[in-house]
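Residue numbers (the numbering used here): 1 to 203.
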């Protein structure tokens with residue numbers, strides 16, 4: 001079953017993350033690989049930053065975890081990991097679907113660009129890969145990652161994100177049209193009276 005994680009799950013979350021993260025060992029930038037991949041202090045910091053962890057439990061044991069974080073007008077999926085022995089069994093997809101249902105906001109996900117299997121997993125679940133330029137811009141806005149990590153990562157977005165962007169673009173277009181009309185109808189014209197007390201325009 002899928003359930004919200006509690007403080008008592010901390011050690012198990014720590015174990016799952018560092019077990020599953022072994023897959024990144026040879027593909028991420030050297031500056032970011034260490035043992036453990038995520039320390040207990042780093043995990044506590046992430047939780048303190050508002051990441052809400054959810055887990056997939058089977059026979060009373062957590063075997064997969066995934067976080068959700070609300071930032072401004074979007075929702076981020078964070079720290080998605082499934083125990084190595086239970087991968088490729090649909091657990092990650094179930095967790096992702098559940099977390100997406102928890103929000104009405106556009107959903108964004110960042111992952112290492114060299115983690116091709118992770119990118120394909122998200123694409124399989126309805127996310128689309130954004131351009132490098134878009135991804136970098138969004139990471140600077142919504143994540144707190146250093147520049148070196150941003151340049152080694154990619155961002156994927158769900159359908160709600162593209163609707164959100166299209167709506168904003170439409171609003172901007174309408175605003176531009178309104179400003180153009182306003183400028184046209186409110187062209188500054190000064191009126192003066194001549195010596196015969198008749199009005200004339202001065203543009």
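C-beta: ideal position from N, C-alpha, C; glycine also.
Cβ-based burial, residue i [other Cβ within 10 Å; buried from 16]
i, result
"residue 11", "exposed"
"residue 17", "buried"
"residue 153", "buried"
"residue 45", "exposed"
"residue 104", "exposed"
"residue 161", "buried"
"residue 139", "buried"
"residue 92", "buried"
"residue 30", "exposed"
"residue 1", "exposed"
"residue 6", "exposed"
"residue 148", "exposed"
"residue 90", "exposed"
Residue nearest to residue i in terms of C-alpha spacing, selected from the options
i, options, result
"residue 126", "139, 116, 74, 156", "156"
"residue 20", "38, 4, 110", "38"
"residue 123", "159, 60, 23", "159"
"residue 72", "90, 25, 50", "50"
"residue 83", "133, 98, 13", "13"
Three-way DSSP call (helix, strand, coil) for residue i in this model
i, result
"residue 153", "strand"
"residue 61", "strand"
"residue 129", "strand"
"residue 141", "helix"
"residue 29", "coil"
"residue 102", "coil"
"residue 39", "coil"
Per DSSP, cross-strand counterpart(s) of residue i
i, result
"residue 111", "154"
"residue 78", "67"
"residue 4", "54"
8 Å contact criterion, which residue i and residue j should meet: CB distance rounded
i, j, result
"residue 74", "residue 47", "Residue 74 to residue 47, Cβ: 19 Å. No contact."
"residue 69", "residue 78", "5 Å"
"residue 28", "residue 114", "7 Å"
"residue 95", "residue 56", "6 Å"
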